[in-house]
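Numbering (our numbering), first residue to last: 15 to 140.
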């Protein structure tokens, strides 16, 4: 199975984000970056390899200023199953998140959400 298929299978079979992060790491993904406006995802693999995932969507309008409270609410709503991924991405845009980066390997696994004027970092449970 190629990397793209392995990544797709990880998303299809993950029970929650922690499970997804573990499956992506097992597939060789060390980190990934998501552009909220376009939904383009760049997966970074070992030895500088990358895998790009893009889809045709109308660009989301991102709020001008980063709002940490709205960012945390969007994350918690998604973690609790109150929202699906498309709604999560809309909520990120409303919160002013321009992109987020997940680091899946090493001792400090985390997701960093970045917008104009701020950022929010959340650890990924081990």
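Here a beta-carbon is modelled for each residue, glycine too, at the ideal position from N, C-alpha and C.
Exercise. Assuming residue 41 and residue 17 make a contact with CB atoms under 8 Å, what is their CB distance in whole Å?
Worked result: Distance from residue 41 to residue 17 at the Cβ level is roughly 7 Å; contact confirmed, criterion being Cβ atoms closer than 8 Å.
Problem set entry | 4 or more residues per run - each alpha helix (DSSP H) lying fully within the segment 60 to 136 | 82 to 93 and 99 to 108, all fully within the segment 60 to 136.
Problem set entry | 7 Å CB neighbourhood of residue 45 in its chain, flanking five on each side removed | 58, 115, 116, 117 and 118, listed in sequence order.
Problem set entry | Proximity to residue 121 [Cα-Cα], best of 135, 139, 110 and 130 | Of the listed residues, the one whose Cα sits closest to residue 121 is 139.
Exercise. If you check the beta carbons only, do residue 128 and residue 135 fall under 7 Å apart?
Worked result: In this structure, residue 135 does not lie closer than 7 Å to residue 128 by Cβ.
Exercise. Taking the alpha carbon of residue 71 as the point to measure from, which residue in 23, 49 and 34 has its own alpha carbon closest?
Worked result: Ranking the options by Cα distance to residue 71, first place goes to 49.
Exercise. Cα separation between residue 95 and residue 53?
Worked result: CA-CA distance, residue 95 to residue 53, rounds to 20 Å.
Problem set entry | Alpha-carbon spacing of residue 130 relative to residue 89, whole angstroms | One C-alpha to the other measures close to 18 Å.
Exercise. Among residues of its own chain, excluding the 5 on either side of residue 78, which ones have a beta-carbon nearer than 8 Å to its beta-carbon?
Worked result: Excluding sequence neighbours, residue 78 sits near 110 and 130.
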